[in-house]
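Protein chains in written order, with my numbering: chain A, -2 to 74; chain B, 834 to 987. Reviewing the structure listed below.
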Amino acid sequence: MDAVTVLAEINGNIATVGYGLAAIGPAIGVGIVVGKTIEGVARQPELAGRLQVLMYIGIAFTEALAFIGIATYFIFV
Amino acid sequence: MTTQHAQPTSIPVFRKVLVFGGFLALGIAIVGMVVGGLVAGGTGVLSALIGTVMAVVFMGITAASILLANRYAGRESAIGAFFGIVMGGWLLKFVVFLVLLVLLKDQPWINTIVLFLSIIAGVLGSLVVDAIVLFKSRMPYASDVVLPPAPHDD
């Protein structure tokens, strides 16, 4: 079976693929933010408070992409 | 001599983020409800209200989970508990967000465009509030420890 036939057989809601795509970027971003924060806290535990704040703003900006990406489900389907 | 761990200095900052996020939600909800009402009537008002509440609550869960996780500060398993709670809360909130979207999508009393736009307004607004609160907050460097008392001069 060639690729075109396989693709033609796929059915369902294409928005589910959109969710998968919307999840990739924030997943990588939050992984990096949290991983680096763990490194920082492990090196200097007394800086945990400052690092938490920086981690929070990093997560907030990254997850905003995910929220907007997932919410497009409302308008593009 | 051992150093005693105090609560992280980020706690007041996150409390402030949550409080100002609440005020922002109120503002966006009022504006959104007026605009939604003008555009789509009763369903627009309801959609704007639900969208704003969803955006601000889901954005605020991160700060709330950090506040919750900070209760474990100073314990042996503090780092594991902290990241477990924060990341677990993050995962849970996205699952709930997805389920809510699926449930709300086909409801007759929802205007999807108004809901979508108010979610975006809520997300962007709470980002602005977060950034302003965090950049205005003053936190000392090395601050999460209580220094041991000075020795007495005998």
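In this text, a Cβ means the ideal position worked out from N, Cα and C, and glycines have one as well. Treat the numbers as computed from the prediction; the structure is a model and nothing was measured.
- With at least 16 other beta carbons inside 10 angstroms of its own, Met887/B counts as buried.
- Judged by pairs of C-beta atoms under 8 Å, the segment 933 to 952 of chain B does not touch the segment 36 to 50 of chain A, as fewer than three such pairs exist.
- In the displayed model, Thr885/B falls within a helix according to three-state DSSP.
- With respect to chain B, the C-beta atom of Gly46/A has a partner C-beta closer than 8 Å.
- Any Cβ of chain A closer than 8 Å to the Cβ of Lys938/B would place that residue at the interface, and such an atom is present.
- Within the model, the alpha-carbon separation for Val30/A versus Val966/B is close to 20 Å.
- Scanning chain A for C-beta atoms nearer than 7 Å to the C-beta of Val846/B yields Val50, reported in chain order.
- Collapsing the DSSP output to three states places Met972/B in coil.
- The beta carbon of Val852/B does not come within 8 Å of any beta carbon belonging to chain A, so the residue lies off that interface.
- In this structure, the alpha-carbon of Leu936/B lies about 34 Å from that of Arg904/B.
- For the segment 863 to 897 of chain B, residues whose beta-carbon sits nearer than 8 Å to a beta-carbon of chain A comprise Ala888, Phe891, Met892, Thr895, Ala896.
- With fewer than 16 other beta carbons inside 10 angstroms of its own, Val961/B counts as exposed.
- In this structure Met(-2)/A is exposed. Its beta-carbon is surrounded by fewer than 16 other beta-carbon atoms within 10 angstroms.
- Spatial neighbours of Leu851/B in its own chain (CB-CB distance under 8 Å, excluding positions within 5 residues in sequence) are listed in chain order as Gly893, Ala896, Ala897, Leu900.
- Within chain B, the residues placing a beta-carbon under 7 Å from that of Ile54/A are Asp963, Ala964, Leu967, ordered along the chain.
- DSSP, read as helix, strand or coil, puts Pro841/B in coil.
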